[in-house]
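Some notes on the structure that comes next.
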Amino acid sequence: MIPLRDRNPRSALPYVTWALVVANVVVYLYQASLGTGLAGLRFVFDNGFVPARLVAEPLAAWPTLVTYAFLHGGLAHLLGNMLFLFVFGDNVEDRLGHLRYALFYAGGAAIAALVHGLLGGDPRTPLVGASGAISAVLGAYIVIYPQQRVQTLIPGLIAPWLFLRLFSRQAPWYAPWLPAWAYIGFWAAMQGLSVLTDGSSTGEGVAWWAHIGGFAFGMTVANVNARRERRADVPGV
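Positions 65 to 301 (the numbering used here) are the ones given, in order, by the sequence shown.
Written out as structure tokens, the structure is:
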């Protein structure tokens, strides 16, 4: 299911989320300009996260715990990730604040990469893509905004939705508004099911364990932040 938008107002402009989207697009355009030859492969191996390299050369490899999240395996990979980031990232940034959100995003990318390195597939294959960090955003969103509504497009019905959208402001049955707990909960369940049904945990080039690791990190940070906010609201605590 494809998220289209949510009904969740924010109090400030999401500068960090916008900057992340722009950075991902710029890096992808540069990566695409290198082509699929030696230069392109070297760029991916130098900046993607390679678990074996982190063990062999930890000082040289640690920046790739974050840089890998700005590389993508293709245009569809980029657009899908940026859609999720655009829909869910602004409200998480609004709640955490710009600086903490930026650190949270980087931390989510790093934790996702480490979990993938421990439990994922071939340690010599570079991990690329923002989905681990965005999974952290989803984990935070479901904790902070479980009841907020997300308009969801059922795959296979994109063309009729685009056509009818020109003539009606009403959400058709195949683009319903779902509570975030249902939409993100279904997404999380699919990640777990994919790990169970795919022995390599990287079926079709998808790093399922990175998604799970990032999601767990996001939920943990959001819960800790919620407890801090509750304590701050209690006088004398």
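We treat Cβ as the ideally placed atom computed from N, Cα and C, and that holds for glycine.
Source: prediction; values computed, not measured.
Item	Value
Proximity below 8 Å, CB of residue 95 to CB of residue 135	yes
Beta-ladder partner(s) of residue 214, from DSSP	70, 242
Neighbourhood of residue 66 by C-beta distance below 6 Å, restricted to the same chain and skipping five residues each side	217
Residue span of the alpha helix (DSSP H) that contains residue 180, given as start and end	162-183
Status (buried if at least 16 other CB within 10 Å, exposed otherwise) for residue 266	Per-residue confidence for residue 266 stands at a pLDDT of 47, beneath the threshold of 50, marking its modelled position as unreliable; no derived number is given.
Residue 128, buried or exposed, once every other Cβ within 10 Å from all chains shown has been counted against 16	buried
Counted within 10 angstroms of its Cβ, other Cβ atoms place residue 133 as buried (16 or more) or exposed	buried
Per DSSP, the bridge partner or partners of residue 191	113
Straight-line Cα distance separating residue 102 from residue 210	46 Å
Runs of alpha helix (DSSP H) wholly within the region 124-148 (minimum 4 residues, chain order)	128-131
Where the alpha helix (DSSP H) containing residue 93 begins and where it ends	79-97
CB of residue 248 within 8 Å of CB of residue 206, strictly	yes
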